[in-house]
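Number of protein chains: 2
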Amino acid sequence: MSEFPVGEFLFKRIQELGIETIFGVPGDYELALLDLVEPAGLKWTGTPNELVGAYAADGYARQKGAGALVTTFGPGELSALCGIGGANCESVPIVHIVGYPTEAAQKSGNILHHTLGDLKYDHYVKMSSELSCATTVLHDPATAVAEIDRVLNAMIYHSKPVYIGISEDVAYAKVSVSTLDKKLVHSLPVGDLAVETRAISDIIAKLEASNGAVIIVDGGANRSSWAPFVDPLVDALKVPVFVTCLGKGAVDESSPYFGGAYGGIDSWPNVVKMVESSDCILWLGRLPSDFNTGAFTEHVNPSTVIDFQRFSIEIGETKFDAKISHVLPKLIEAIKGNASLTSRPTRPLVSQPPLPRKPASDLITQDWVWERLSSFLKPGDLLVSETGTAQFGVLGTRLPSGASHWTQAVWGSIGYATGAAVGASIGAKETGKFKRLVLLTGEGSLQMTIQAFSLLNRHGIVPIVFVLNNAGYTVERYFHGWGAIYNDVPDWDYGKIFSGMAPNSGARGYKITKRHDMDALLDDPEVQNATYPQVIDFALAKDDAPTPLKLVFKGKKQG
Amino acid sequence: MSEFPVGEFLFKRIQELGIETIFGVPGDYELALLDLVEPAGLKWTGTPNELVGAYAADGYARQKGAGALVTTFGPGELSALCGIGGANCESVPIVHIVGYPTEAAQKSGNILHHTLGDLKYDHYVKMSSELSCATTVLHDPATAVAEIDRVLNAMIYHSKPVYIGISEDVAYAKVSVSTLDKKLVHSLPVGDLAVETRAISDIIAKLEASNGAVIIVDGGANRSSWAPFVDPLVDALKVPVFVTCLGKGAVDESSPYFGGAYGGIDSWPNVVKMVESSDCILWLGRLPSDFNTGAFTEHVNPSTVIDFQRFSIEIGETKFDAKISHVLPKLIEAIKGNASLTSRPTRPLVSQPPLPRKPASDLITQDWVWERLSSFLKPGDLLVSETGTAQFGVLGTRLPSGASHWTQAVWGSIGYATGAAVGASIGAKETGKFKRLVLLTGEGSLQMTIQAFSLLNRHGIVPIVFVLNNAGYTVERYFHGWGAIYNDVPDWDYGKIFSGMAPNSGARGYKITKRHDMDALLDDPEVQNATYPQVIDFALAKDDAPTPLKLVFKGKKQG
Ligand SMILES: Cc1ncc(C[n+]2csc(CCOP(=O)(O)OP(=O)(O)O)c2C)c(N)n1
Ligand SMILES: Cc1ncc(C[n+]2csc(CCOP(=O)(O)OP(=O)(O)O)c2C)c(N)n1
């Protein structure tokens, strides 16, 4: 009977999830384990620190369905926790593998480095359990395989992070290769088909009775599992489709049915009107958090909403035990086969948000730049936008077809976008779909995790980074502390830093303050098709913000 | 009756601890609270990210006795946890203040940003409680003052981190100014004087009976509380004094009694002999962890050891309920008054470690550089050395008088040194003792938290950074994975990055590969007295290490 090490079993399982690249930072408790990464057919990508590693694994998982991170006991794993929290909050499946001291060392009674010095080894797993849907620390090779499968299956089921602690001795204990024969449970269990059928016929009935159905594409419930059905649904139903902040990127915005961004008060008035007067809203992955809803200013009649969630579909008052990823494809077929729905005339679409008025001066404004980006972007671009004004502003940018877009609108950890951009790009490269990376970030956020940039270069990913340089934490200023020093951020020379972190990449930095210079830059084919990293650091007034953001804060005293 | 806000009470208490500067990153849940920092007489220092903030607070606390960090609920606080873990492990008192959503928002049933989306608000405090000696989340202004005092008193007593969660509404609730009349309990309670007296007379008796007493200065038990008594003890007793890795910096190494570093096998043979044949070892703050003891290779007869701890003194088999910070000053007086001890001839001192043989080539080796540093350093320099080869190597550098040195030898989180250097420098500046900052770090570690450098510049601290550039995680290679890609680190241009992060500082980078160039650089008065930041990036062979480290790994297969 052929055998292999437990650690290799673990990495083979990870490969089974579709993961090709693992992120992390080495440490002596995990080094031997890392020797098993390549034999299992995976690639290792070392990250400059663990937080960047966690963000990268998250971006990768959003793009590819699941991600993995390896860190070392104590300092390593704790440095990653903010990233794991984000994955929990936004339903991103990541397996966090932590290298533990050997069983013998744990039992020695000696004070080991990376411990708290109190001879206890369960502090950190307890901490991670607050952020994970399942955890295990492998102590016994005899149960290791079952434990790994239990935890990975929970990750797939809940679409949340999990934690696996493993020491060198357990990693090298031998188990039968036949443990791989039984597969992980790769999709959600099929529900009660009668319930699904009833849900679908109720939805069809509601659509038939409706005069103004719309679709809202949101970000909840692990977007990647149902996103592939969004464009087919729109094409079948031919009704206006809107995105929330979290949902942006999951629908083809070059579609004639695309109506713009919806988020209560932070949307354009014509969008608000169309959505809030609709008698039937198909809401995919609804996630009613503050930033995602214009601070709870959505005024939608609950009886008009069909709420599609990971484990339930709610039609008005009735909740069905049915799953979005199972129901959507069937619903599309049902629509296609329903002449009364498909033969309806296309309703006049919401007009695009009006072009922001030409600014009086040649200075760059937020509204101008977000609109301007629409024509700079190319089909297939990968966009990642950061918490801060960028996350709101990008709602005014229309994505070209085949573009992806990710943002972390509930967890909202600044620095995330730069790290996630690395992982998302690597993931996109693996699927053969990668073209350009466009990173949209404030300078305060970029400074958090700027070292991630070095990784982009290592992987031959050529980014265009837009740095919204407004002399500080502008979105915070809108909340409070208009002129407070705690909202100031020092000025850096990003071009210099980028080329310092990627000495042979030919990285270029542009410092732009005028609209016409930005126009010239974005029109330049050399810039558009560059084979070297570029960072466009452009000046914005300290108090400028995208109109949607201003709307949210309207009435709040500033200054 | 005069009143003021709870938040101001909190910051006034922090000021009472001797803290003048607070570190952190703003977030909307904490912005209003931050408005109370200055009215309380404190200075705010925003850090580029929360981990750097935690490390800075730790470095500051080591220098000044206590430190404070403010972060925002969720992403902010979780990003700091690795730094809090380090403070717990190495007994550094830090108060971690976290800005919470208001009580009303918590009770609203709405999904708030920075939560996990499950409407629970106790996940993060539970996580921090694993790393803190006391935690509180203030919900009620009526008990807030008592809670704050309870937690801060625990911090002082245990010399460990604590956690205070506070929302804007509680921060602005009014309490009487007279709450400040009662003070915190600033020192450890006086113990049983009879026990102390007995301990001291037992120690004196043991010293009188001894022929070869030595002192070992270690790092446990919160060094800053007893460090001021170390030099007086050495001067009184006139016996050889050694430092461990953790203790380095707590004794005047220009003293004629200084004998070098002790850590089992990772010390020079003459040191091992002198310590391990001693019949009476006064061991201050002993902390027998792996990295601090040459991987448990200290062979000391327990009956010869007098072990001074925070809450106990152990003489051979007898444990006294007495505290190092109370006993040391009295012991010094007792020694001074004891003619039989003070009249003893000074024993011949351990000779200094032999000068490493002149390297055959002009390449820089670790042993050469650590020895070379001894003559570069100046009285009053502040050194911070990083986990990795630097932490071991610096044991071979002799510090000038009045120098400080900090390293994190048990927790061992790489990236710490760069962040802690900021806080320690700011702390040293406040005490009026700051001269130069010398940061000793590997390139892998520097890349973790390089943004901290920007802060140094903001505070007018002019560092000299030595980057041990050995193409990767060399200390990890000694553990495992001699040529493995996971131990590789990309090459950066640190001079460029530093000047990018401090555009107007005149920062200079030097890339050095030859011994004679390093000599010329270190001999240059311009370099020695520079008023601009400098980074000396010097090449070392991938497999070179300080002799002490090689000794630890001797016998372990490499490659
Ligand atoms: C890890 C973390 N720390 C702090 C915050 C609080 N926070 C939210 S947005 C923001 C400012 C972002 O500033 P910047 O990136 O410059 O973007 P701007 O709003 O100026 O465009 C801060 C500090 C956070 N969300 N996450
Ligand atoms: C936060 C954290 N992550 C990972 C580790 C594991 N680790 C310990 S030392 C080290 C390498 C340090 O390399 P470098 O700074 O280049 O110093 P060198 O040993 O090469 O001198 C690593 C990765 C750690 N101690 N802390």
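Chains as they are written, first to last, in this note's numbering: chain E, 194 to 752; chain L, 194 to 752.
Backbone N, C-alpha and C define an ideal beta-carbon position, used for all residues, glycine too.
Bear in mind that the values here come from a model prediction, so they are computed numbers and not experimental data.
Exposure label - residue i; buried when at least 16 CB within 10 Å
i: Ser594/E; result: exposed
i: Val383/L; result: exposed
i: Phe266/L; result: buried
i: Glu340/E; result: buried
i: Gln584/E; result: buried
i: Val378/L; result: exposed
i: Glu719/L; result: exposed
i: Thr336/E; result: exposed
i: Pro232/E; result: exposed
i: Asp686/L; result: buried
i: Ala414/E; result: buried
i: Lys750/E; result: Residue confidence is low: Lys750/E scores 44 on pLDDT, short of 50, so the model does not pin down where it sits. No coordinate-derived value is stated.
i: Asp483/E; result: buried
i: Asp411/L; result: buried
i: Lys441/L; result: buried
i: Glu510/E; result: exposed
Nearest-angstrom Cβ-Cβ length linking residue i and residue j, presumed shorter than 8 Å
i: Thr437/E; j: Asn485/E; result: 5 Å
i: Leu357/E; j: Val344/E; result: According to the sequence as given, residue 357/E is Ile; it is not Leu. So it is a contact: roughly 6 Å between Cβ atoms.
i: Phe451/E; j: Ile409/E; result: Phe451/E to Ile409/E, Cβ: 12 Å. No contact.
i: Glu323/E; j: Met348/L; result: So it is not a contact: roughly 23 Å between Cβ atoms.
i: Gln644/E; j: Pro241/L; result: Not quite, the Cβ-Cβ distance comes to about 11 Å (not below 8 Å), so this is no contact.
i: Asn156/L; j: Leu733/L; result: Examination of residue 156/L is not possible in this model, given that chain L is present from 194 through 752 alone.
i: Asp428/L; j: Val444/L; result: Wrong, their Cβ atoms sit about 11 Å apart, outside the cutoff.
Near ligand 2: residue i beta-carbon under 7 Å from a heavy atom
i: Ile643/L; result: no
i: Ala233/E; result: no
i: Ser594/E; result: no
i: Ala583/L; result: yes
i: Tyr666/L; result: yes
i: Glu283/L; result: no
i: Thr634/L; result: yes
i: Ser272/E; result: yes
i: Thr240/E; result: no
i: Ile607/L; result: yes
Rounded straight-line distance, which links the Cα of residue j to that of residue i
i: Lys367/E; j: Lys399/L; result: 55 Å
i: Lys205/L; j: Leu226/L; result: 13 Å
i: Phe501/L; j: Tyr725/E; result: 59 Å
i: Val288/E; j: Trp675/L; result: 27 Å
i: Pro739/L; j: Thr582/L; result: 7 Å
i: Thr773/L; j: Pro696/L; result: Since the first and last residues shown for chain L are 194 and 752, residue 773/L lies out of range.
i: Leu262/L; j: Phe216/L; result: 5 Å
i: Ala247/E; j: Ile397/L; result: 55 Å
i: Lys300/E; j: Tyr314/E; result: 10 Å
i: Ala250/E; j: Gly699/L; result: 37 Å
i: Ala254/E; j: Asn281/E; result: 12 Å
Distance cut-off 7 Å: residue i Cβ against heavy atoms of ligand 1
i: Glu579/E; result: yes
i: Leu661/L; result: no
i: Cys275/E; result: yes
i: Ser403/L; result: no
i: Glu243/E; result: no
i: Ser482/E; result: no
i: Ile359/E; result: no
i: Thr265/L; result: yes
i: Gly220/L; result: yes
Per-residue contacts from residue i into chain A (C-beta, under 8 Å)
i: Met348/E; result: Looking at the structure shown, chain A is missing, and the protein chains on hand are E and L.
heavy atom of ligand 3 below 7 Å from residue i C-beta
i: Ser638/L; result: Of the ligands this structure carries, namely ligand 1 and ligand 2, none is ligand 3.
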